[in-house]
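Trainee:
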Amino acid sequence: MAAPLSVKVGYGFGDMASSMFWKVFSYYLPFFYANIFGISLVDTGVLLLVTRIWDAVSDPMMGVVADRTKTRWGKYRPYLLWVAAPFSICGILLFTTPDWGYGAKLVWAYVTYILMMTVYTGINVPYGAMLGVMTDNSQEKTVFSSFRMFFAYGGSFIALFAWDPLCKMFNGSMGMSLQTSWQFAMIVIATCCFILFLLCFYFTREKLTSVSSASLGSDLKALVTNKPWWLLNGASLCFNLFNTVRGATVAFFFADIIGGEQHIAIFSLSLLFYSGLFLGVGEVANMVGVALAVPITNKFGKKPTFILIDALLIVFSVIFFTLSPESNGGLLLMLLLQVVISVLTGAMSPLVWSMYADVSDYSELKTGTASTGLIFSSASMAQKFGGAIGGAAVMWLLSGCGYMERTDANATLDIVQPASAITCLWMLMTFIPAAVAALSLIIVWFYPLGSKEMNNIVEELRVRRLAPVDNSVSAAREEIINPD
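Residues in the sequence shown are numbered consecutively from 470, following our numbering.
This is how it looks when you write it as structure tokens:
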């Protein structure tokens, strides 16, 4: 029986909370450190790199811990209750500026950011793994993933559009210092996240009982010999690279190619065409894509949908290169392509999470033990590594092409970039993401878990979860996972 709407909405609340924090960190934390908190961009870059290395360790560690958790609420769901308060508190501490010397403030930044990423992992990895135990229906997993991503993009939209007004309200209307205004803006966001996590805990339930009876070494061995897991990780990493490369380039692209005061005319309406509009429209379009994910995957299947989306991302990214920023029509087409590309990436997001749940089922059938948390932690790692590699690559490529930096946050947009830097910006918005999407398409082409294979796996797991596995069942299991 399909889960009620309240459970699906409740599950979506969890990623709504996580995404509100994640987008604020992604877009505002570097600016905060350099212009509000008071540490250099170089030190900020090292800080972000170190925390990514820690993430690579903490994600699988949390997956292993969650897989072995046993409570009356289940394996993964209790972490929503246990970590909600530390999550919110660490977010507030992260945006707190102590009145200390440079060295002490730098230590504070390291401690609070590592704490924040640790508790983020502590709540987000179990939350993601819940998808594997809320239903055994492969298509319903896509439905849950769609609710998750719809609310995630909704949370991102709210946080991004509310952050600046909140900071200005506390700084201007209420007379707080700049540092305190940023702290209080995070208090508002953190309070919302705390409530959303509690609602997610209240409305959701773990319906399936999966058993992780193997040793950690056996779990890790099963993971590294899991071919679908490797292929999905590669495709997911490419997908996150696609998003990060384009997203990290947008501010530079608008500053140096679009210009700071460009307007577009839509019928009789004139709008300022700036990066915030471009990104904000993309978040809304992502939500539309999430809503389309279920009917599309129901019709075509998950793997064919993945391949189709990658192919369309390649085409539309290349078309973007042909547009002119000098005309109103060119700018309108850029905005239209941003909508189309964002709809496609929005549809891809729940699809990827749903496919990780399928990989988890495949692993349980193949090895006889569930490693759901460990498998879903790899999805989180792919997201973080994609973000880290993509963001760093943008900076390195621009530097190598002679991009002229603005050293003052309030500098006017009158710097003329060299032709090599302009070409690099165009490549970063078009052909480079297209190449990444092409690599993703090639990888997922070899992904073996189609609709037929997953139907067989789900049926066999239902038998195993109801009764001990006898020799005939073992033989059937081998036929499903090793058809050759």
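Glycine residues also receive a C-beta, built at the ideal position from the N, C-alpha and C atoms.
1. For Ser-495, which option in Thr-590, Ile-561, Ser-625 has the closest C-alpha, if you only look at C-alpha atoms?
2. Taking Cβ to Cβ, would you say Thr-520 is nearer than 7 Å to Ile-561?
3. Near Met-585, which residues of its chain fall below 7 Å by C-beta distance, leaving aside the five closest residues on each side in sequence?
4. Indicate whether Leu-701 and Val-493 have their beta-carbon atoms separated by less than 7 Å.
5. For the beta strand (DSSP E) containing Ile-735, name the first residue and the last one.
6. Taking C-beta to C-beta, are Val-863 and Thr-660 nearer than 7 Å?
7. Specify the secondary structure class of Ser-796 as computed by DSSP and reduced to three states.
8. Just grab the DSSP bridge partners of Leu-910 for me.
9. Kindly indicate which three-state DSSP category Ser-625 falls into: helix, strand or coil?
10. Taking the C-alpha atoms as reference points, what is the distance between Thr-954 and Phe-490?
11. What are the boundary residues of the beta strand (DSSP E) that includes Ser-739?
12. For Trp-865, count the other beta carbons within 10 Å of its own beta carbon; 16 or more makes it buried, fewer makes it exposed. Which is it?
13. In the DSSP assignment, find the alpha helix (DSSP H) that holds Ser-705 and state where it starts and stops.
14. Considering only residues of the same chain and omitting the five flanking positions on each side of Gly-751, which have a CB-CB separation below 6 Å?
15. Could you tell me which whole alpha helix (DSSP H) segments of length 4 or greater appear in the stretch 581 to 614?
16. Assign Leu-800 to one of two classes, buried (16 or more other C-beta atoms within 10 Å of its C-beta) or exposed (fewer than that).
17. Helix, strand or coil, according to DSSP, for Glu-833 in the structure here?
18. Can we say the stretch 550 to 558 touches the stretch 631 to 650, given the rule of at least three CB pairs closer than 8 Å?
19. Please classify Met-530: does DSSP put it in a helix, a strand, or coil?
Mentor: According to the structure data:
1. Against the sequence shown, residue 495 aligns to sequence position 26. Ranking Thr-590, Ile-561, Ser-625 by Cα distance to Ser-495 puts Ser-625 first.
2. Numbered from its first residue, the sequence shown carries residue 520 at position 51. Numbered from its first residue, the sequence shown carries residue 561 at position 92. Taking 7 Å as the Cβ cut-off, Thr-520 and Ile-561 do not qualify as a contacting pair.
3. Start at 1 with the first residue of the sequence shown, and residue 585 comes out as number 116. These residues qualify, in order along the chain: Cys-559, Gly-560, Leu-563.
4. Residue mapping note: residue 701 aligns to position 232 of the sequence shown, counting from 1. Residue mapping note: residue 493 aligns to position 24 of the sequence shown, counting from 1. For Leu-701 and Val-493, no; Cβs fall outside 7 Å.
5. As a first step, residue 735 must be located in the sequence shown, where it is residue number 266. 732 to 735 is the span of the beta strand (DSSP E), which, as asked, contains Ile-735.
6. Taking the sequence shown and counting its residues from 1, the one referred to as residue 863 is at position 394. Taking the sequence shown and counting its residues from 1, the one referred to as residue 660 is at position 191. Not in contact: Val-863 and Thr-660 (Cβ atoms no closer than 7 Å).
7. The count along the sequence shown starts at 1 and reaches residue 796 at position 327. The answer is coil: DSSP assigns Ser-796 none of H, G, I, E or B.
8. Here the question's residue 910 lines up with position 441 in the sequence shown. In DSSP, Leu-910 forms no bridge with anything.
9. Taking the first residue of the sequence shown as position 1, residue 625 is located at position 156. Helix, per DSSP.
10. Because the chain spans 470 through 953 in this model, residue 954 falls outside it and cannot be assessed.
11. Indexing the sequence shown from 1 puts residue 739 at position 270. Start and end: 738 to 741.
12. On the sequence shown, position 396 is the one that residue 865 refers to. Answer is exposed; the Cβ neighbour count stays below 16.
13. Your numbering for residue 705 matches position 236 in the sequence shown. According to the DSSP assignment, Ser-705 belongs to the alpha helix (DSSP H) that extends over 696 to 722.
14. The residue you call residue 751 lines up with position 282 of the sequence shown. These residues qualify, in order along the chain: Gln-807, Ser-811.
15. If only complete runs of 4 or more residues are kept, the stretch 581 to 614 shows the alpha helix (DSSP H) at 600 to 603, in order along the chain.
16. Indexing the sequence shown from 1 puts residue 800 at position 331. By the neighbour-count rule (16 or more Cβ atoms within 10 Å), Leu-800 is buried.
17. For the purposes of this step, residue 833 is identified with residue 364 of the sequence shown, where counting begins at 1. In this structure, DSSP gives Glu-833 a helical state, which the three-state scheme calls helix.
18. no
19. Residue mapping note: residue 530 aligns to position 61 of the sequence shown, counting from 1. In this structure, Met-530 counts as helix in the three-state DSSP scheme.
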